[in-house]
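First comes the structure, then the notes that go with it.
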Amino acid sequence: MALQSPTATRALVVPPEAKTGRRRPAPRGSRLLVWVFLAPTLIGLGLFSFVPIIGSFVLAFFRWDIISAPEFVGVGNFVDLAANPTVRVSFLNTVGFVVVAVTLQLAVALLLAILVQSRMPEWLRTFFRSALFFPLVLSAASVSLVMSYLFNQEFGLVNEFLGLFGVGNIGWLTTGFGAKIVVLLVYVWQNFGFTFLLFIGGLAAIPREVYEASSLDGAYGWSQFRNVTLPLVSPTMLVASVMAIISALQIFDQPYVLTRGGPGDDTRTAVMVIYESAFQQLDFGLAAAIGIVLTLLIMLVTAAQFRLSKRFVFYG
Numbered sequence: 323m324a325l326q327s328p329t330a331t332r333a334l335v336v337p338p339e340a341k342t343g344r345r346r347p348a349p350r351g352s353r354l355l356v357w358v359f360l361a362p363t364l365i366g367l368g369l370f371s372f373v374p375i376i377g378s379f380v381l382a383f384f385r386w387d388i389i390s391a392p393e394f395v396g397v398g399n400f401v402d403l404a405a406n407p408t409v410r411v412s413f414l415n416t417v418g419f420v421v422v423a424v425t426l427q428l429a430v431a432l433l434l435a436i437l438v439q440s441r442m443p444e445w446l447r448t449f450f451r452s453a454l455f456f457p458l459v460l461s462a463a464s465v466s467l468v469m470s471y472l473f474n475q476e477f478g479l480v481n482e483f484l485g486l487f488g489v490g491n492i493g494w495l496t497t498g499f500g501a502k503i504v505v506l507l508v509y510v511w512q513n514f515g516f517t518f519l520l521f522i523g524g525l526a527a528i529p530r531e532v533y534e535a536s537s538l539d540g541a542y543g544w545s546q547f548r549n550v551t552l553p554l555v556s557p558t559m560l561v562a563s564v565m566a567i568i569s570a571l572q573i574f575d576q577p578y579v580l581t582r583g584g585p586g587d588d589t590r591t592a593v594m595v596i597y598e599s600a601f602q603q604l605d606f607g608l609a610a611a612i613g614i615v616l617t618l619l620i621m622l623v624t625a626a627q628f629r630l631s632k633r634f635v636f637y638g
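In the working numbering, the protein residues as written are 323 to 638.
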């Protein structure tokens, strides 16, 4: 009978936890070390996320101007915001802006991603990826300030350029329609870069063999885009649309710097009303109530997107 080596004998020994299916508990020192590393993140989330959320929810049921003591009003703030015409107009402006801006942002980002992913030198593809993403790195306030000079009716470069073709001075920021167009263009130009990168990743994940097979079946151009590209990029479309809508519902910087919500209330958004209610009118309870309504709107729209995604998203 052949003798086994001590090493082989030790290899045949089965640990007790492997027999029972239970893992040996980690040493107390290791668990303590885990909590030490998690502590900064947990403390940060608690102080700057969870506590403000709870505080805003509680504040929505009080009337408080910082100077005097808080006064409990129940649902009075919600009744006031429902009867406030400025609040209603700001939410309508926000929803209308989201519909147009997100549609334009997704369309432009997908079109540019398809063009960049087409056959071109790798250095040129890298250049376009960096150039198209660059506006997102810039401060929204600084970009909006520069754009306010470019679209100025008297000395803006946009009107100077249009004047070469006989077009008179256009009041981009002094008319309702013009102000909406400028806010929309500035927002989409600065924010489509992230969506563009998402689509770049989604398109790169589509196997080249799928396009080759569809070409053999006679699918080219629009037919290939509609029957191959769109279904396979639909998961990326879902993620991009959810993030774009959440971001657009919170738009503040562009209309505040460009138009201050004007002319009139034509470009006033929900977040602008929150800011004005809190820091200009010192009605923090109303501001918190508007914030809760906006949060519920974001949650409702996001839930609806995921519900509808079961019909329109193809996961391969």
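Note that the Cβ used here is the ideal one computed from N, Cα and C, for glycine as well.
Quick caveat: nothing in here was measured; it's all calculated off a predicted structure.
Where residue i falls, given that 16 or more other Cβ within 10 Å makes a residue buried
i      : result
TRP445 : exposed
SER537 : exposed
ARG629 : exposed
TRP544 : exposed
PHE483 : exposed
ASP575 : buried
PHE394 : exposed
ASN481 : buried
ASN599 : The question names Asn, but residue 599 in the sequence shown is Ser. The residue is buried, with at least 16 neighbouring Cβ atoms inside 10 Å.
GLY523 : exposed
THR496 : exposed
PHE370 : exposed
TRP494 : buried
PRO328 : Here the model assigns PRO328 a pLDDT of 49, short of 50, so the residue's position is not dependable and the matter cannot be decided.
ALA429 : exposed
VAL373 : exposed
Terminal residues of the alpha helix (DSSP H) in which residue i lies
i      : result
SER537 : 530-538
ASP402 : 398-405
LEU560 : 552-571
MET442 : Segment: none, MET442 is in no alpha helix (DSSP H) and carries neither H nor E.
GLN512 : 498-526
ARG582 : It is not in any alpha helix (DSSP H) - ARG582 carries neither H nor E in the DSSP assignment.
GLN602 : No alpha helix (DSSP H) contains GLN602, which DSSP labels as neither H nor E.
TRP544 : 543-546
TYR471 : 462-472
PHE483 : 479-485
Residue i and residue j closer than 8 Å at C-beta
i      : j      : result
MET469 : VAL508 : yes
VAL595 : THR363 : no
ALA566 : GLN439 : no
SER378 : ILE612 : no
ALA562 : LEU520 : yes
LEU560 : GLN627 : yes
GLY498 : PRO577 : no
ALA672 : PHE514 : Residue 672 is absent from the structure shown; the chain starts at 323 and stops at 638.
ALA435 : PHE516 : no
LEU506 : VAL411 : no
ILE573 : ILE620 : no
PRO457 : GLN512 : yes
VAL504 : PHE473 : yes
DSSP beta-bridge partners of residue i
i      : result
PHE384 : PHE394
The stretch 519-533 touching the stretch 549-561, judged by at least three CB pairs closer than 8 Å: yes
Three CB pairs or more closer than 8 Å across the stretch 407-421 and the stretch 580-593: yes
Meets three-Cβ-pair contact criterion under 8 Å: the stretch 446-463 and the stretch 604-621: no
Contact the stretch 398-406 vs the stretch 485-504: 3+ CB pairs below 8 Å: no
Contact between the stretch 572-584 and the stretch 380-394 (3+ Cβ pairs under 8 Å): no
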